[in-house]
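Colleague:
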Amino acid sequence: MSIFSNYAYVFFVCEGKNEEAALLWIHENHKMGFAEENYSLDFMRTRGRKSWDKLRNQCFQFSYDGDVAVFYLLDSKREERENLRSKYTGREIPVIKILTPPEIEILLILANPATEHEWEKASRKNRQLKPSEFCKTYFNCNIKNGDNFIDKFGSFENFEQACRVYKSRHSGQFCIYDLLEREHE
Numbered sequence: 737m738s739i740f741s742n743y744a745y746v747f748f749v750c751e752g753k754n755e756e757a758a759l760l761w762i763h764e765n766h767k768m769g770f771a772e773e774n775y776s777l778d779f780m781r782t783r784g785r786k787s788w789d790k791l792r793n794q795c796f797q798f799s800y801d802g803d804v805a806v807f808y809l810l811d812s813k814r815e816e817r818e819n820l821r822s823k824y825t826g827r828e829i830p831v832i833k834i835l836t837p838p839e840i841e842i843l844l845i846l847a848n849p850a851t852e853h854e855w856e857k858a859s860r861k862n863r864q865l866k867p868s869e870f871c872k873t874y875f876n877c878n879i880k881n882g883d884n885f886i887d888k889f890g891s892f893e894n895f896e897q898a899c900r901v902y903k904s905r906h907s908g909q910f911c912i913y914d915l916l917e918r919e920h921e
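Here the sequence shown is numbered in this note's numbering, starting from 737 and rising by one per residue.
Here you go:
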């Protein structure tokens, strides 16, 4: 069963630039597991209270021929975002977390066995090492700007494979892999 199956329309929100870049890459490669006319990327950069209010207004402004949801891509299990509630009807729209903890950069580490091996060695030496810090050093670039993050995968197929590996290790949570179109399942 697809993560999209209960919704007629989905709005995407991203915690940071790397989540935005990953989502755009999925969209540009036509690999979203949902028809393009049934989702919006217009609110990906929703960060502050005012932008969440704009998203809420958009969600309740139109009829979407069924249930609507907000999919929030983030790496923090602890961050809580309340469902969007209509000021007038009391109707709610769920905010569903799509997780990649400890950080989205873990996908970049999983995309290459040699990189994953180096990560395991480095994280054993330094238990406080974050995947983003490791990637910044290992790839010798600013890994937090979205473009560098995507470029380091080399191909979309490598990105898909990393998402698949991550999902196999975290089967109980919604993650980026659940957004991908999967033809052979």
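Even glycine gets a Cβ: it sits at the ideal position worked out from N, Cα and C.
Check the C-beta distance from K835 over to C911 and give it rounded, since I have them as a contact under 8 Å.
Modeller: The sequence as given places Leu at residue 835; Lys does not occur at that position. Rounded, the Cβ-Cβ distance is 6 Å, consistent with contact.
Colleague: Note down the Cα distance separating P837 from L809, rounded to an integer number of angstroms.
Modeller: Going from the Cα of P837 to the Cα of L809 covers about 10 Å.
Colleague: To which residues of the same chain is N848 closer than 8 Å at the C-beta, ignoring the five residues directly before and after it?
Modeller: So the qualifying residues of the chain are N894.
Colleague: Where DSSP assigns a beta bridge to C750, which residues make up the other side?
Modeller: Looking at the DSSP assignment, C750 forms a beta bridge with L809.
Colleague: In terms of residues, what are the limits of the beta strand (DSSP E) holding I832?
Modeller: First-last of the beta strand (DSSP E) with I832: V831 to L835.
Colleague: For the putative contact between S776 and F740, defined by C-beta atoms under 8 Å, what is the C-beta separation to the nearest angstrom?
Modeller: Going by Cβ atoms, the distance from S776 to F740 rounds to 13 Å, so no, they are not a contact pair.
Colleague: If we cut at 8 Å on Cβ distances, does Y913 have a partner in chain C?
Modeller: As a matter of chain content, chain C is missing from the structure shown, which is built from one protein chain.
Colleague: Suppose the cutoff is 8 Å on Cβ atoms and the five residues either side in sequence are ignored; what does the same chain contact list for C899 look like?
Modeller: Closer than 8 Å at the Cβ level, and outside the excluded window around C899, lie L843, C911, I912, Y913 and L916.
Colleague: Please name the residue, chosen from F770, V901, S904 and D883, that lies closest to W761 on a Cα-to-Cα basis.
Modeller: Among F770, V901, S904 and D883, the Cα nearest to that of W761 is on D883.
Colleague: Relative to the C-alpha of Q794, which candidate in R785, D811, F779 and R905 has its C-alpha closest?
Modeller: Among R785, D811, F779 and R905, the Cα nearest to that of Q794 is on F779.
Colleague: Could you check the C-alpha separation between K774 and E854 for me, to the nearest Å?
Modeller: The residue asked about is misnamed: residue 774 is Asn in this sequence, not Lys. Cα to Cα, N774 sits roughly 40 Å from E854.
Colleague: For V901, collect the residues of the same chain with a Cβ closer than 8 Å to its Cβ; drop the 5 residues on either side in sequence, then sort them by chain order.
Modeller: Only L846 meet the Cβ criterion.
Colleague: Check this for me: beta carbons of A858 and F870, under 8 Å apart or not?
Modeller: Contact: yes.
Colleague: Got a sec? Which residues, its chain only, sit under 7 Å from T782 by beta carbon, not counting five neighbours each side?
Modeller: Only V749, W788 and L791 meet the Cβ criterion.
Colleague: So who's on the other strand from M768, going by DSSP bridges?
Modeller: L916, per the DSSP bridge assignment.
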